[in-house]
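In the numbering used here, the protein residues as written are 354 to 557.
Please read the structure below before turning to the comments.
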């Protein structure tokens with residue numbers, strides 16, 4: 354009888370010990386999870402000093418704004434690449450800034466245009482190119498985009514409007530001063546670049 358009582362007490366003590374250990378593990382896990390949530394929430398909050406008074410500002414989730422950043426990046430790149438004036442230094446600066454936003458496919462198109470005399474024709478005709486974005490289609494699952502725009506070429510003798518359609522893919526990279534959106538356009542190519550209308554200018 355005494356032995357059975359001792360065995361019962363040992364089992365009870367073992368059960369209580371195991372239960373206490375399990376409860377402690379659960380409590381620690383819950384505390385760790387709660388602490389993680391607090392830290393994650395705190396990282397989305399920043400304080401701005403206004404006359405030495407801290408004012409809470411909320412940061413939005415980066416992924417929530419990513420489609421808007423992608424569109425801004427795509428629009429900026431195309432504006433840098435196609436909005437040009439008859440100035441060697443200006444065109445060189447525009448291309449340099451554009452190349453920070455695209456992979457080698459952008460340099461390939463730049464070299465092809467250069468070999469075909471595109472930039473020389475801008476200088477010789479004193480053309481001013483202005484690109485207007487119509488729309489940008491995004492496929493977030495494939496990181497694919499298609500750009501639609503109109504290119505206005507203002508020459509001495511005429512004004513030409515062209516439809517411009519390009520496509521490519523988007524790759525997330527670390528942000529930098531030269532690439533504030535942290536996006537790299539890859540496999541970029543022009544699908545359409547055709548004249549819509551050509552209006553001759555009247556000379557007085």
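Glycine included, each C-beta is placed from N, C-alpha and C at the ideal position.
Here DSSP, grouped into helix, strand and coil, assigns residue 437 to coil. Taking each of 377, 527, 474 in turn and checking the Cα distance to residue 508, the smallest one comes out for 474.
Rounded to the nearest whole angstrom, the C-alpha separation of residue 388 and residue 522 is 38 Å.
For residue 541, DSSP assigns no beta-bridge partner whatsoever. Counting other Cβ atoms within 10 Å of its Cβ, residue 372 stays below 16 and is therefore classed as exposed. Judged by their CB atoms, residue 455 and residue 471 are not nearer to each other than the 8 Å cut-off. Short of 8 Å from the beta carbon of residue 447, and not among the five residues preceding or following it, lie these beta carbons of its own chain, in chain order: 433, 434, 436, 437. Residues of the same chain with a CB within less than 8 Å of the CB of residue 512, apart from the 5 flanking positions on each side, are 505, 506, 551, 552, 554 in chain order.
Under the three-state reduction of DSSP, residue 530 is assigned to coil, being neither helix nor strand. Counted as a single uninterrupted DSSP element, the alpha helix (DSSP H) harbouring residue 467 occupies residues 457-468. In the three-state reduction of the DSSP assignment, residue 512 falls in the strand class, which pools E and B.
With a cutoff of 8 Å on beta-carbon distance, residue 444 and residue 452 are scored as not near each other. In the three-state DSSP reduction, residue 453 falls in the coil class, being neither helix nor strand. Rounded to the nearest whole angstrom, the C-alpha separation of residue 540 and residue 390 is 39 Å. In terms of Cβ geometry, residue 517 and residue 503 form a close pair [threshold 8 Å]. DSSP places residue 479 outside both helix and strand once states are collapsed to three, so it counts as coil. When the alpha-carbon of residue 546 is set against those of 500, 376, 378, 489, the nearest one is in 500.
The alpha-carbon of residue 490 is positioned some 5 Å away from that of residue 498. The residue among 488, 493, 479 with its C-alpha nearest the C-alpha of residue 419 is 493. In the DSSP assignment, residue 502 falls within the unbroken beta strand (DSSP E) covering 497-507.
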